[in-house]
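**Student:**
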Amino acid sequence: MKKYLNYPLLNLEHLFNLIEMDIFYSSSAEVTEIKSDFTRLVCDVLIDKTPCPFSHDQSGHLQADSSFKHYLSFISLLIKEFRHTLVAHADTVISFNYDLVLEGAASIYNWKRSETQRPQPRMGSIKFNTMFGKTNIVVDPVSTYFTKNRPNSFFPAINLFSEEDSSVKLIKLHGSINWKTADDDKTFVVPPTWNKSDQRITRLWDKAYQELRTARRIIVIGYSFPETDIYVKSLLALALNENKILQNIYFINPDKDVAKRTCLSLLDKYFEKYCAYKEWKFSEFIAGTEGKQFIKEALNREVTA
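Numbering (my numbering), first residue to last: 744 to 1048.
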């Protein structure tokens, strides 16, 4: 195709979109298999490139991987401790990533919490609600993925998932590398394309819509709204149009011009008065002096990890 058309085949989103379009028009079993193989490749790369949250030092003591430190700090913003018991804030995290970085950070947080000696016993641990009652997708333990092809690696037996009200709501709209379909045990991820008609994911999109529609404050961190993902753009535009209580939309992105241009292409000028742009990388938002000040003053939170 590259020989005859000027199409950006090195762009992952465009390539997935092309495959989806081919399947839609041709119903080709061969192309469907190509999509399946390509999806597995993407998942394998993510598994390989995401470090295991835990390792042993030279003395054999368990230690946490420092590359998760900023995500560990982010996790701490989602919870608070009340009378020595961990309580989740009424927040919702909407993620478009397939990886297990947040889950890895939560594992470290729970492990450190259990290892810390305190006069009073500390109750509870961070858990995520990712399914919201869905039964057609099975969530595998993350330990399977962090220890894959890593001899002598270790991952504590920590349960990270629960549908209890005390759990942090984590909506992964594009699926996750540790999700499997209940009927055929295949990895369930949804490429960022125009085609999201799979009924197995619609409940999560409905949940995301409801959360955005009733949000008082929205923080968009780093997301650039791919041109191919019209569902995401439509979701945000429709939900905000129905939102009657919105107070703030914060865009955390090192490229303010891109964030602002994207925002204004999605939203009516009416919403511009609610928007604020912070030219920070994720690490600057979480660990920088200005970022921490913003978190304290605008969000009334404090990084504790």
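Idealized CB from N, CA, C, for every residue including glycine. Just so you know, these numbers come straight off a predicted model, no measurement behind them.
1) If you reduce the DSSP assignment to three classes, tell me which class TYR747 lands in.
2) Could you check the C-alpha separation between PHE889 and VAL932 for me, to the nearest Å?
3) On a CA-only basis, which of ALA1041, ALA1030, LYS823 is nearest TYR814? Give me that one, please.
4) Within the same chain, show all residues whose beta-carbon is closer than 6 Å to that of LYS999, passing over the 5 residues directly before and after it, in chain order.
5) Quick check on LEU989 - is its C-beta less than 8 Å from some C-beta in chain D?
6) Is ILE964 helix, strand or coil by DSSP?
7) Along the chain, where does the beta strand (DSSP E) that runs through PHE825 open and close?
8) Which residues in the same chain have their Cβ closer than 6 Å to the Cβ of ILE962, if we skip the five residues on either side of it in sequence?
9) Could you tell me the distance, in whole angstroms, from the CA atom of ASP1086 to the CA atom of ASP883?
10) Could you pull the start and end residues of the alpha helix (DSSP H) that GLN1036 belongs to?
11) Let's see if you can read the secondary structure: which residues bound the alpha helix (DSSP H) around GLU853?
12) From ILE762 to LYS823, what does the alpha carbon distance come to, in whole angstroms?
13) Using a Cβ-Cβ cut-off of 6 Å (strictly less than) and excluding sequence neighbours within five positions of SER1026, which residues of its own chain qualify?
14) For SER977, which option in THR873, ALA958, ASP927, TYR952 has the closest C-alpha, if you only look at C-alpha atoms?
15) When burial is assigned at 16 or more other CB atoms within 10 Å of the CB, is GLU846 buried or exposed?
16) In this structure, does DSSP put SER919 in helix, strand or coil?
17) How many whole angstroms separate the CB atoms of PHE811 and PRO899, which I take to be in contact at a CB cut-off of 8 Å?
**Tutor:** The short version:
1) For the purposes of this step, residue 747 is identified with residue 4 of the sequence shown, where counting begins at 1. With a pLDDT of 45 at TYR747, under the threshold of 50, the modelled position of this residue cannot be trusted; read the value that follows with caution. Coil.
2) Counting from 1 along the sequence shown, the entry for residue 889 is found at position 146. Counting from 1 along the sequence shown, the entry for residue 932 is found at position 189. Roughly 18 Å between the two C-alpha positions.
3) As a working note, residue 814 is residue 71 in the sequence shown. That would be ALA1030, whose Cα lies nearest to the Cα of TYR814.
4) Taking the first residue of the sequence shown as position 1, residue 999 is located at position 256. TYR1020, GLU1022.
5) Among the protein chains of the structure shown there is no chain D, as only one such chain exists.
6) Numbered from its first residue, the sequence shown carries residue 964 at position 221. Of the three classes helix, strand and coil, the one that applies to ILE964 here is strand, per DSSP.
7) Reading the sequence shown from its first residue, position 82 is the one you call residue 825. For PHE825, the enclosing beta strand (DSSP E) covers residues 822–825.
8) If you number the sequence shown from 1, residue 962 lands on position 219. For ILE962, where only same-chain residues beyond five positions count, the Cβ hits under 6 Å are TYR993.
9) Outside the displayed span of the chain (744 to 1048) sits residue 1086, for which this structure offers no information.
10) Here the question's residue 1036 lines up with position 293 in the sequence shown. That run of the alpha helix (DSSP H) goes 1032–1040.
11) If you number the sequence shown from 1, residue 853 lands on position 110. A small fix is needed here, since residue 853 is Asn in this sequence, not Glu. 844–858 is the span of the alpha helix (DSSP H), which, as asked, contains ASN853.
12) Reading the sequence shown from its first residue, position 19 is the one you call residue 762. Reading the sequence shown from its first residue, position 80 is the one you call residue 823. Approximately 44 Å, taken between the alpha carbons.
13) Numbered from its first residue, the sequence shown carries residue 1026 at position 283. Same-chain partners within the cutoff: HIS813.
14) Counting from 1 along the sequence shown, the entry for residue 977 is found at position 234. Between SER977 and the set THR873, ALA958, ASP927, TYR952, the nearest pair of CA atoms involves TYR952.
15) Numbered from 1 along the sequence shown, position 103 holds the residue referred to as residue 846. Answer is buried; the Cβ neighbour count reaches 16.
16) Counting from 1 along the sequence shown, the entry for residue 919 is found at position 176. SER919: strand per DSSP, three-state reduction.
17) Along the sequence shown, one-based indexing puts residue 811 at 68. Along the sequence shown, one-based indexing puts residue 899 at 156. Separation of the CB atoms of PHE811 and PRO899 is rounded to 14 Å, and the pair is thereby denied contact status at 8 Å.
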